[in-house]
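Q:
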């Protein structure tokens, strides 16, 4: 019944007529089409599969069937039956398409589904057990649902989950090749090259599924490498991600459940829900405890346009002045992302500048290096990811919610990444990647710090001051400094510039600020100024992003005292916010709204629920019934 | 004239008026309204549901004291509509997560081309140059057509006032605006969820907010085009239908929807005497022409008959003449022959 995918593929373009039936077959073989993605919501389930593959034959006569997969596996498992009840097995591996069958026509497909589903239901029913709908109960399965009930989260591998898999598989197989493989065109087979592993999606990108008839040539305990026939592989495109993920993961999990000792196997999930239900921490362990993956990646790298970039100074002197190279702490970023593909999209573990050039090119998806790093919308770009992190962390979001999306960073912040001490691109081009990495490491160590002072020259204790005056003639004064003076001089010259620490700043700032400018119906507010600053400071103390980008201790103050340069005496709110809706600044908030917006929006973002925004008397003393005071 | 023909003529006259002269409808493709007319921009992402706007409205408009105080926020748990006691109400919706309510303030939207005003046959409603749609109870006859016409279901009626019932509706605090003050609700809002200003500027401001925070807002300013545009504008982070706002209203103002047909009414009325006179004239003239034609036909037929008769007579006469002549000639011949024979006799 399977039709060879290659046969269909070869005829593409020349004989499109053959192609379409092939696609239809493949779609049908796929059997299920996962419905809409989304977060887990009550009443919705990630295991609902909308069986709508009949669409391949034209408009549906009846609504598609929402098939509750986990319910069926549970019932079957209760009777000691497994995947084989519905899924075909090829060389010891299950193929996760319904029955693996495909039909030539509409009627055949319909009969296939009905025969398999209803016959099983009937058997159940005849044995006195509760069963699914039987013949004639069409609408019990074909229900029209106004909402798409199937919601599932993508079940990708992240670093924490990866660490778990490494722990379980290394005893048994001892190699990354259990899962990681790459196609070797010479030997026409899948091989594993240690240290060059890529994520699955690097090759398995396609959406469409392919027929798997000849996929498994030799049965083997684990799923990969020598088991797929060379003949099949030659000229074949990698299967779709969702197809291989189910094929590889679930089959391996099933075997693991059978073979693992001490009941450990039961930890390997096989139900839809266990992988596709969205949870904050799928692997149940935090990123910090995950050991670093070693694949020859640098600890630090210098991000600068490569020497092969046609726009670099080497190729094009017109572009002599570029932004300085960015020393990038790769090791630090590994700890703060979920997976390599958080940045290395499509799991291609290569440098950004391999594809993203100074000018947009086809290779880089028409995204220039500048856009790749600064596009605020993209979660793969530096700015986009940093913005998301600040907005997702309540401790940061309180202040950062007020940022402008277009350019959320102060332009003064450019130099934080684009290190002014980075050597010129011409020099960089002559360095090897290892040398660049070492240089980046050095630059990162001194980033944002004052350059170290040179050693103090030995100071003479005795010297002569010589004066040449037209009136007085030549004069000379011999000077001899006391050892006390010498010590004082030495002390002053070697004194480190004073560094204000945020803690000291909080000590010196006003403890409370009484906000009484607008006191009328409500009384003045005793604003716990230092307490708020202190809690903000504590919230950001451990944050690496804050440490890197909050360059001055006064950055803390800028959270509320925005739009003004960092200083110990920032302007009060009323300096800019006065009457609302003025002709000069119609968009600028009036003072009352400025106070309330700053406090309430910050509280909302920081998930501070007390006092409630609507509880006026929690902050103000209510003095009298309001008579509207007219400000205009 | 037949009845069917008459009705056909009448229909043609009406259709002609509508088809050829749409300007009489009094609407433009896009009605901009008076320049610098005022409006209010409500930003649902700023509203905290404190009901201060309701209290502000109550205070400046001297409305009746509500049953439950304004700081009782449990009022928000049930859906409300502006009524005869309150020009404006705030409603609470949960369009997304259960713990993230979104509030929306409801009041008259002060349409650029108000349906209420177009439905009112005593012109109790006025769209002022400042943007407010105001109501004059002194001319109101209490037909309550405006309540049916309003797509936002805003005008309310004081049924409980037996003697002087009237419509109650937000006035955008038109008297306060005239004094250079802010509307009561805008004045009371602690977060500037309500922004007061010229409508065109508010639109710019709203677009700017969307541009600067595209993830905070949906890209739609409710009221910019709805029902031909309203002076009250809305911004939100969730689709407006989830906040109980109607999104099925289209962008055509209510007056424009009915103006075509309604504009024909006065035209037909004006044309009535001309039309009927014309019909009468045509009928009369036709009768006249017919009788004239008949007369002519009779006359010509008579003429023809007479001509024929004359010709016949002439023919007969000529024939008789000929016969007579022939008879004479014959007689003469006869006489001549007789004479000749007598002479021969005599001679012989």
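Protein chains in written order, with this note's numbering: chain A, 1098 to 1729; chain B, 138 to 485. Backbone N, C-alpha and C fix where the C-beta goes; we use that ideal spot for every residue, glycine too.
(1) Apart from the five residues just before and just after residue 1493(A), which ones in its own chain have a Cβ nearer than 6 Å to its Cβ?
(2) Let me see if you follow: with CB-CB separation under 8 Å, is residue 159(B) close to chain A or not?
(3) Between residue 334(B) and chain A, is there a C-beta pair that is closer than 8 Å?
(4) Taking residue 1620(A) as the query, report the chain B residues whose CB atoms sit under 8 Å from its CB, ordered along the chain.
(5) Would you verify that the beta carbon of residue 1482(A) is, or is not, closer than 8 Å to some beta carbon of chain B?
(6) Is the Cβ of residue 358(B) closer than 8 Å to any Cβ of chain A?
(7) Which residues does DSSP pair with residue 1286(A) in a beta bridge?
(8) Shortest alpha-carbon distance to residue 212(B) belongs to which of 186(B), 339(B) and 237(B)?
(9) Could you name the residues of the same chain whose beta carbon sits closer than 6 Å to that of residue 273(B), not counting the 5 residues immediately before and after it, in chain order?
(10) Quick one, which residues of the segment 361-372 of chain B are near chain A if we go by CB-CB under 9 Å, in chain order?
(11) Give me the chain B residues within the contact set of residue 1678(A), using Cβ-Cβ distance strictly less than 9 Å, ordered along the chain.
(12) With a threshold of 6 Å on Cβ separation, who are the neighbours of residue 1166(A) within its own chain once the five nearest residues in sequence on each side are excluded?
(13) Could you check where the alpha helix (DSSP H) with residue 358(B) kicks off and where it finishes?
(14) Using a Cβ-Cβ cut-off of 8 Å, state whether residue 1489(A) counts as contacting chain B.
(15) Going by C-alpha to C-alpha distance, which of 277(B), 329(B), 442(B) and 269(B) sits closest to residue 312(B)?
(16) Suppose the cutoff is 6 Å on Cβ atoms and the five residues either side in sequence are ignored; what does the same chain contact list for residue 1602(A) look like?
(17) DSSP state of residue 241(B), grouped into three classes?
(18) Step through the CB atoms of chain A and report whether any lies within less than 8 Å of the CB of residue 397(B).
(19) Would you kindly check if the distance between the Cβ of residue 371(B) and the Cβ of residue 181(B) is under 8 Å?
(20) Which two residues bound the contiguous beta strand (DSSP E) that contains residue 228(B)?
(21) Between 474(B), 386(B) and 342(B), which lies nearest to residue 290(B) when the distance is taken from Cα to Cα?
(22) Below 8 Å on the Cβ atoms is my contact criterion, and I expect residue 294(B) with residue 304(B) to pass it. Report the Cβ-Cβ distance as a whole number of Å.
(23) For chain A, check one thing: does any of its Cβ atoms lie closer than 8 Å to the Cβ of residue 347(B)?
(24) For residue 464(B), count the other beta carbons within 10 Å of its own beta carbon; 16 or more makes it buried, fewer makes it exposed. Which is it?
(25) Can you tell me which residues form a DSSP beta bridge with residue 123(B)?
(26) Among residues of its own chain, excluding the 5 on either side of residue 1442(A), which ones have a beta-carbon nearer than 6 Å to its beta-carbon?
(27) Quick one: is residue 327(B) buried, meaning 16 or more other Cβ sit within 10 Å of its Cβ, or exposed?
(28) Is there contact here, the segment 1654-1673 of chain A with the segment 1688-1695 of chain A, by at least three beta-carbon pairs under 8 Å?
(29) Residue 262(B) bridges to which residues according to DSSP?
(30) Is it true that the CB of residue 175(B) sits closer than 8 Å to the CB of residue 333(B)?
(31) With burial defined as no fewer than 16 other Cβ atoms inside 10 Å of the residue's Cβ, what is the status of residue 286(B): buried or exposed?
(32) Please confirm whether residue 364(B) and residue 184(B) have their CB atoms less than 8 Å apart.
(33) Which parts of the segment 1571-1651 of chain A are runs of the beta strand (DSSP E), unbroken and 3 residues or longer, counting only runs that do not cross its ends?
(34) Taking the alpha carbon of residue 1238(A) as the point to measure from, which residue in 1164(A), 1543(A), 1518(A) and 1261(A) has its own alpha carbon closest?
(35) Extract the residue ranges of the alpha helix (DSSP H) inside the segment 1421-1485 of chain A, only unbroken runs of 4 or more that lie entirely within it.
(36) At which residue ranges does the segment 335-421 of chain B contain complete alpha helix (DSSP H) runs of 4 or more residues, listed in the order of the chain?
A: Taking the definition as stated:
(1) Cβ neighbours of residue 1493(A) beyond the five flanking positions: 1487.
(2) Summary for residue 159(B): the model assigns pLDDT 42, below 50, so the residue's position carries little reliability, and this model does not support an answer.
(3) Chain A, which has a Cβ nearer than 8 Å to the Cβ of residue 334(B), makes this yes.
(4) From the beta-carbon of residue 1620(A), no residue of chain B is found nearer than 8 Å; the closest lies around 15 Å away.
(5) So no, residue 1482(A) is outside the interface.
(6) No, residue 358(B) does not count as interfacial toward chain A.
(7) Partner(s): 1281(A).
(8) Nearest option by C-alpha distance: 186(B).
(9) Contacts found: 261.
(10) Using a CB distance below 9 Å, no part of the segment 361-372 of chain B faces chain A.
(11) Residues of chain B passing the Cβ test: 319, 323, 329, 332, 333 and 334.
(12) Spatial neighbours of residue 1166(A) in its own chain (CB-CB distance under 6 Å, excluding positions within 5 residues in sequence) are listed in chain order as 1144, 1146 and 1369.
(13) Counting along the chain, residue 358(B) falls outside any alpha helix (DSSP H), and DSSP gives it neither H nor E.
(14) Chain B contact via Cβ: absent.
(15) Considering only alpha carbons, the answer is 269(B).
(16) Answer for residue 1602(A): 1650, listed in chain order.
(17) Residue state, collapsed to three classes: strand.
(18) Taking Cβ atoms only, chain A never reaches closer than 8 Å to residue 397(B), which makes this a no.
(19) Going by beta carbons, residue 181(B) and residue 371(B) fall inside the 8 Å limit.
(20) Where residue 228(B) is concerned, the enclosing beta strand (DSSP E) stretches over 226-230.
(21) Of all alpha-carbon atoms in 474(B), 386(B) and 342(B), the one lying nearest the alpha-carbon of residue 290(B) is that of 386(B).
(22) That pair is a contact at about 6 Å.
(23) No, no contact with chain A.
(24) Counting Cβ neighbours within 10 Å, residue 464(B) comes out exposed, since fewer than 16 surround it.
(25) With chain B represented from 138 up to 485, any question about residue 123(B) goes unanswered, as that position is not in the structure.
(26) Closer than 6 Å at the Cβ level, and outside the excluded window around residue 1442(A), lie 1477.
(27) The residue is buried, with at least 16 neighbouring Cβ atoms inside 10 Å.
(28) Below 8 Å, enough C-beta pairs join the segment 1654-1673 of chain A and the segment 1688-1695 of chain A to call them touching: three or more.
(29) 272(B), per the DSSP bridge assignment.
(30) The answer is yes: Cβ separation under 8 Å.
(31) Burial check for residue 286(B): the Cβ neighbour count within 10 Å reaches 16 or more, so the residue is buried.
(32) Against a cut-off of 8 Å, the Cβ pair of residue 184(B) and residue 364(B) comes out as no contact.
(33) With a minimum length of 3 residues, the continuous beta strand (DSSP E) runs that stay inside the segment 1571-1651 of chain A are 1610-1612 and 1622-1624.
(34) For the residues 1164(A), 1543(A), 1518(A) and 1261(A), the minimum Cα distance to residue 1238(A) belongs to 1164(A).
(35) Complete alpha helix (DSSP H) runs here, min 4: 1427-1433 and 1466-1471.
(36) Listed in chain order, the complete alpha helix (DSSP H) runs (minimum 4 residues) inside the segment 335-421 of chain B are 336-349.
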